[in-house]
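First to last, the protein sequences are chains A and B. Using my numbering, you'd call the opening residue of the first sequence number 16 and step up by one each time. Using my numbering, you'd call the opening residue of the second sequence number 16 and step up by one each time. Inspection log for the structure reproduced underneath, given as C-alpha cells.
Number of protein chains: 2
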Amino acid sequence: MNIKRIAELAGVSVATVSRVINHPERVRDKTREHVLNVMHEYNYTPNWFAQSLNLESSKTIALLIPGIETNFFQQIISGVETVAGNKAYAVLFGQTSNLPTREAEFVDMMINRKVDGIIQVNSQLDLEKALSMQNLGLPRVHIGKNRILSNDTLCYLDIEEGALRMTRHLIELGHSSIMALLEETNSSTSEQMNSGFHRALRGAGHTVFFSSAQAENSVRGGYLTVQRLILSKSIPGALVTASDLQAIGAMKAARDAQIKIPDDMALASLTDSAVCSVLSPALTALELPSKKLGMAAARMLIDQIEGILPYVDMPHDLILQPKLKIRESCGNTQDFYEWFD
Amino acid sequence: MNIKRIAELAGVSVATVSRVINHPERVRDKTREHVLNVMHEYNYTPNWFAQSLNLESSKTIALLIPGIETNFFQQIISGVETVAGNKAYAVLFGQTSNLPTREAEFVDMMINRKVDGIIQVNSQLDLEKALSMQNLGLPRVHIGKNRILSNDTLCYLDIEEGALRMTRHLIELGHSSIMALLEETNSSTSEQMNSGFHRALRGAGHTVFFSSAQAENSVRGGYLTVQRLILSKSIPGALVTASDLQAIGAMKAARDAQIKIPDDMALASLTDSAVCSVLSPALTALELPSKKLGMAAARMLIDQIEGILPYVDMPHDLILQPKLKIRESCGNTQDFYEWFD
DNA sequence: TTCTTGGTTGAAAGCGTTCTCATTATACAT
DNA sequence: ATGTATAATGAGAACGCTTTCAACCAAGAA
Numbered sequence: 016m017n018i019k020r021i022a023e024l025a026g027v028s029v030a031t032v033s034r035v036i037n038h039p040e041r042v043r044d045k046t047r048e049h050v051l052n053v054m055h056e057y058n059y060t061p062n063w064f065a066q067s068l069n070l071e072s073s074k075t076i077a078l079l080i081p082g083i084e085t086n087f088f089q090q091i092i093s094g095v096e097t098v099a100g101n102k103a104y105a106v107l108f109g110q111t112s113n114l115p116t117r118e119a120e121f122v123d124m125m126i127n128r129k130v131d132g133i134i135q136v137n138s139q140l141d142l143e144k145a146l147s148m149q150n151l152g153l154p155r156v157h158i159g160k161n162r163i164l165s166n167d168t169l170c171y172l173d174i175e176e177g178a179l180r181m182t183r184h185l186i187e188l189g190h191s192s193i194m195a196l197l198e199e200t201n202s203s204t205s206e207q208m209n210s211g212f213h214r215a216l217r218g219a220g221h222t223v224f225f226s227s228a229q230a231e232n233s234v235r236g237g238y239l240t241v242q243r244l245i246l247s248k249s250i251p252g253a254l255v256t257a258s259d260l261q262a263i264g265a266m267k268a269a270r271d272a273q274i275k276i277p278d279d280m281a282l283a284s285l286t287d288s289a290v291c292s293v294l295s296p297a298l299t300a301l302e303l304p305s306k307k308l309g310m311a312a313a314r315m316l317i318d319q320i321e322g323i324l325p326y327v328d329m330p331h332d333l334i335l336q337p338k339l340k341i342r343e344s345c346g347n348t349q350d351f352y353e354w355f356d
Numbered sequence: 016m017n018i019k020r021i022a023e024l025a026g027v028s029v030a031t032v033s034r035v036i037n038h039p040e041r042v043r044d045k046t047r048e049h050v051l052n053v054m055h056e057y058n059y060t061p062n063w064f065a066q067s068l069n070l071e072s073s074k075t076i077a078l079l080i081p082g083i084e085t086n087f088f089q090q091i092i093s094g095v096e097t098v099a100g101n102k103a104y105a106v107l108f109g110q111t112s113n114l115p116t117r118e119a120e121f122v123d124m125m126i127n128r129k130v131d132g133i134i135q136v137n138s139q140l141d142l143e144k145a146l147s148m149q150n151l152g153l154p155r156v157h158i159g160k161n162r163i164l165s166n167d168t169l170c171y172l173d174i175e176e177g178a179l180r181m182t183r184h185l186i187e188l189g190h191s192s193i194m195a196l197l198e199e200t201n202s203s204t205s206e207q208m209n210s211g212f213h214r215a216l217r218g219a220g221h222t223v224f225f226s227s228a229q230a231e232n233s234v235r236g237g238y239l240t241v242q243r244l245i246l247s248k249s250i251p252g253a254l255v256t257a258s259d260l261q262a263i264g265a266m267k268a269a270r271d272a273q274i275k276i277p278d279d280m281a282l283a284s285l286t287d288s289a290v291c292s293v294l295s296p297a298l299t300a301l302e303l304p305s306k307k308l309g310m311a312a313a314r315m316l317i318d319q320i321e322g323i324l325p326y327v328d329m330p331h332d333l334i335l336q337p338k339l340k341i342r343e344s345c346g347n348t349q350d351f352y353e354w355f356d
C-alpha cells in the first residue's frame, strides 16, 4: 500500500494525502477526515525510507557506548531509551568496545543513516572526524568529560567531586593511608578520580599516604589486587575502588585472608549498586545518578535537534552530582550519618 | 556527494557506478578501479535511504526487549549486538516494558523501517499482529518459551530443567519444606520454574512441603518477603528465589533477624551473577548462559535473513541449558561438589 | 567481409515520498 | 452579478539510488 493508491481510493491527489500526513491544518476538515478514514481502513503508514529520503532526517538518534556490561552504561542506555521513546525517536545502538576505529566506523554508519543526532559516551573520536560531524551540523551530546571540540555539549557526573568527598570522608575518619584501585584504562573517569583524590589529600590537615593501583573492572580484578596486597603485606588503611565489582572482589579476598573490614582495612566504592547495601559489612559507596544522566543527555540532544536549544558555538554542559552513601565498610560513622543523609 | 556527481567525475554513467557498488564483477576491471578511486577520493558512500527504498531491506535487525534493567536482558542485548555487529547489521532497539501495546507499536515501526528481521524477547504480541508479520515474510526469532505461531523459531534457556535440578539438589540435601519466590508477573519464566519445581517434588522419594510467593524482582522485594515470613514465623527450610537480587534481599532480611543461612534456612537463586559467589555465605545459584542466548538468537535470525536456514513451516528451536553452581548457601555439600562441577 | 556471440555500458523508468507552484474553488465585499 | 482575496487542491519535479533493456564494441567463426 502506498500513497498513490491511497490517493486513488480517497479520490484525491497524492499531494493532498501527503498534506494530511504532514500539514493537516492545510487541508479542509471534511477532506482530511475522509483521507484519514481511507488510510486507516487500509492500515497505511508512509514508507519511512521515502520520507527520510526527502526529509534528510530519520527520527532516529544514535547512541555510541563502549559496552553494555557495566551497570553504569546500562543505566545510561535505559535513560536514553526512555526519553527518546517518549519523543518518538528510535535509538540506533553501537557498541564501540572503547575502540576508536570501531567508533569511527559507527559514526560513518550513523551519518549515512542520517540520524538526527548522536550521543557519544566516553568518546575517543579523533579531531578530524569530530570536525566533519560538526560541519555536517549533526547535533551531538557527549556523555563524559572529554570535550573534543571546543563547543561540544557535555553531560557528566562530577566524579571528581565524588572522589574528593569520599576521600575527605576517609580522612575525617582518621585514615592516614589510602589506596585507590582504578580501572585499567586511562580513561577520563580515572583522571577525574585522581584529581579528586589529590584535592582531598591537599586539603587534609595532616599528611596522608596515598597510593594507587589498576585492575580490571570485575570481581576478579578486585580480588587479585587485594590478594597481592596481602601477600606483600602492604595493606592500606583504606581502599577505594572505582567500581562496586572491584570492591566486592576486594571484600572476598579480605575475608579469605581473615582481614576484617572495616577494622583492618576500610573499603569504599566509587560506584554504588543494589548489592552494596546488603553486603556485610554494607559497602560505603558513591551513588551515581546514571539513568538520569542518560535521560538528561537524550533530552539535551532532542532539544538541539528540534531547535529548542541554540547549539552552535555555545557549550552547554550539564553536571550531575553523585551522592555519598555512608554505610558500614569504612568504620564507625555514627557521627557522620546525620551530616550526609 | 551523490552517485550522479561521482558518475560525472569518473566520466561514466550512473548505472556503472551503481554496478561497481552492487555487482563489481559485471564491470570491466579498469573501469571498476577508476570508479573506485573516484569514490574513495570524494569519500563517497551511497545514501542508505535511497538504497533501502529500492531494495526494501535495511541491513538492520530489531531487538524488542521488555527492559534493560536486569542482568539477563543486558546479556542478551550484548550478545545480539556482538553477532549483529560482526555481520554488519545495525540493531534497532525497543524497550517494551512488558506492555503488549507498546510492543505492537514497535513492531509497526520496525516493519515500516523495513528491518530485515526481528528478535522478540518474552513477546506478548497478539496473534493477529504475529500473523501479519508472518505474512510479510519477516524473519523472526523469539527469545523465550512462548510460541505464538506454530512455526515460530524459539531460543530459550531450559529454566524448567534448571529449577528441577535446583529443587532436586535441595531435596537431596534433606530439605522437606521448600518455598519459591517468583516474580510478580505471570510470565512464562515463572511457569517454567513452577513446572520444574513440581517435577522435582513428584520425583522426590518422600513428601516435601512446597509453597510459593511473589515479589518484585529487586533486593527490596526479597527483603520484604522474608521479613514477612519471619514475622509470621513460617520460615521454610529452603528458599529458592527467581533472581539474585531477591536472594540478596532475602539474605539481608535473614541477617537482620539473626536467621542463619544455611543453618536456619537454605537459600538459592535461579539466576547467577558476579556477586553471588562473593556473598557470605556464597550463594548457590543457576548460571544462565544469557549472552550466548543473545548470540544464538542473532545468528539464527541472520541465517534466516540470508536464506541459509529454511524457516517457513519449520520450527527450529535452540535450547540452552543452565548450570547449577553449588556454593555455600544451601548447607553442607561436599558430597555434591564432585557430582556437579 | 559479414555474422554471431558475449561482455560492457548508458538511458531511462521506477521506488514512495515531500514540496513548489500553478490552478481551481470558496467566501466575501462591491 | 462581478471582482478580489484567500483557502484548497493537483501536477509534476526532486530526493539518490537500482535495475531493465537496448545499444555498443571487440573478437572469433563462417
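Every residue gets a Cβ at the ideal spot worked out from N, C-alpha and C, and that includes glycine. Remember, it's a predicted structure, so these values are computed and weren't measured experimentally.
Using DSSP with H/G/I as helix, E/B as strand and the rest coil, what is residue i?
{"i": "A99(B)", "result": "helix"}
{"i": "D350(A)", "result": "Because D350(A) carries a pLDDT of 43, less than 50, the predicted location of this residue cannot be relied on, and the following value inherits that uncertainty. Three-state result, D350(A): helix."}
{"i": "I341(A)", "result": "coil"}
{"i": "G132(A)", "result": "strand"}
{"i": "S93(A)", "result": "helix"}
{"i": "I21(B)", "result": "helix"}
{"i": "R180(B)", "result": "helix"}
{"i": "V241(B)", "result": "helix"}
{"i": "R155(A)", "result": "strand"}
{"i": "I186(B)", "result": "helix"}
{"i": "D356(B)", "result": "Note that D356(B) scores 34 on pLDDT, short of 50, meaning its location in the model is unreliable; the coordinates nonetheless yield the value given after this. Coil at D356(B), not helix or strand."}
{"i": "A116(A)", "result": "Before going on, a small fix: residue 116(A) reads as Thr here, not Ala. Residue state, collapsed to three classes: helix."}
{"i": "E321(A)", "result": "coil"}
{"i": "Q139(A)", "result": "coil"}
{"i": "S203(A)", "result": "helix"}
{"i": "S210(A)", "result": "helix"}
{"i": "M315(B)", "result": "helix"}
{"i": "A195(A)", "result": "strand"}
{"i": "S227(B)", "result": "strand"}
{"i": "A365(B)", "result": "Because chain B is modelled from 16 through 356, residue 365(B) falls outside the range shown and cannot be assessed."}
Between the beta-carbon of residue i and the beta-carbon of residue j, is there less than 8 Å?
{"i": "M125(A)", "j": "Y59(A)", "result": "no"}
{"i": "V223(B)", "j": "S191(B)", "result": "yes"}
{"i": "G132(B)", "j": "I320(B)", "result": "yes"}
{"i": "G252(B)", "j": "A281(B)", "result": "yes"}
{"i": "Q207(A)", "j": "G236(A)", "result": "no"}
{"i": "M310(B)", "j": "V156(B)", "result": "no"}
{"i": "A297(B)", "j": "D287(B)", "result": "no"}
{"i": "N127(A)", "j": "W63(B)", "result": "yes"}
{"i": "T256(A)", "j": "L188(A)", "result": "no"}
Going by Cα to Cα distance, which pick from the options is closest to residue i?
{"i": "L239(A)", "options": "I341(A), H157(A) and K267(A)", "result": "K267(A)"}
{"i": "K45(A)", "options": "G26(A), R128(A) and W63(A)", "result": "G26(A)"}
{"i": "S138(B)", "options": "R128(B), K74(B), T111(B) and L246(B)", "result": "T111(B)"}
{"i": "P304(B)", "options": "I317(B), A289(B) and A272(B)", "result": "A289(B)"}
{"i": "R362(A)", "options": "L197(A), A178(A) and I245(A)", "result": "The shown model of chain A, from 16 to 356, leaves out residue 362(A), and the question about it has no answer."}
{"i": "P61(B)", "options": "K160(B), I174(B), K19(B) and A265(B)", "result": "K19(B)"}
{"i": "L78(A)", "options": "P115(A), R128(A), L24(A) and Q135(A)", "result": "Q135(A)"}
{"i": "E84(B)", "options": "R162(A), P81(A), S73(A) and T97(A)", "result": "T97(A)"}
{"i": "Y171(B)", "options": "A272(B), H331(B) and L196(B)", "result": "H331(B)"}
{"i": "F108(B)", "options": "G189(B), I76(B) and L114(B)", "result": "I76(B)"}
{"i": "R162(B)", "options": "R34(B), A257(B) and S203(B)", "result": "S203(B)"}
{"i": "I263(A)", "options": "S233(A), Q273(A) and I245(A)", "result": "S233(A)"}
{"i": "L333(A)", "options": "L169(A), N52(A) and L153(A)", "result": "L169(A)"}
{"i": "G100(A)", "options": "C345(A), G218(A), A313(A) and L339(A)", "result": "A313(A)"}
Let me check you understand the geometry: is the CB of residue i closer than 7 Å to at least one non-hydrogen atom of the ligand GDP?
{"i": "H157(A)", "result": "Within the structure as shown, the ligand GDP is missing, as the structure has no ligands at all."}
Give the interface partners of residue i over in chain B, defined as CB-CB distance under 7 Å, in chain order.
{"i": "N127(A)", "result": "T60 and W63"}
Under 8 Å between beta-carbons, which chain A residues line up against residue i? List them in chain order, please.
{"i": "Q89(B)", "result": "I83, E84 and Q89"}
For residue i, go through chain A and note every residue whose CB falls closer than 7 Å to its CB, in chain order.
{"i": "A257(B)", "result": "By Cβ distance, chain A contributes nothing, its closest Cβ being about 15 Å from A257(B), past 7 Å."}
{"i": "K267(B)", "result": "V293"}
Can you list the residues of chain B that residue i reaches, using a CB-CB cut of under 8 Å?
{"i": "L68(A)", "result": "N62, F64, A65 and L68"}
Entirely enclosed alpha helix (DSSP H) segments - the stretch 237-296 of chain A, minimum 4 residues: 259-271
- prompt: Quick one: complete alpha helix (DSSP H) runs, 4+ long, within the stretch 32-111 of chain A?
  reply: 44-56, 63-70 and 86-101
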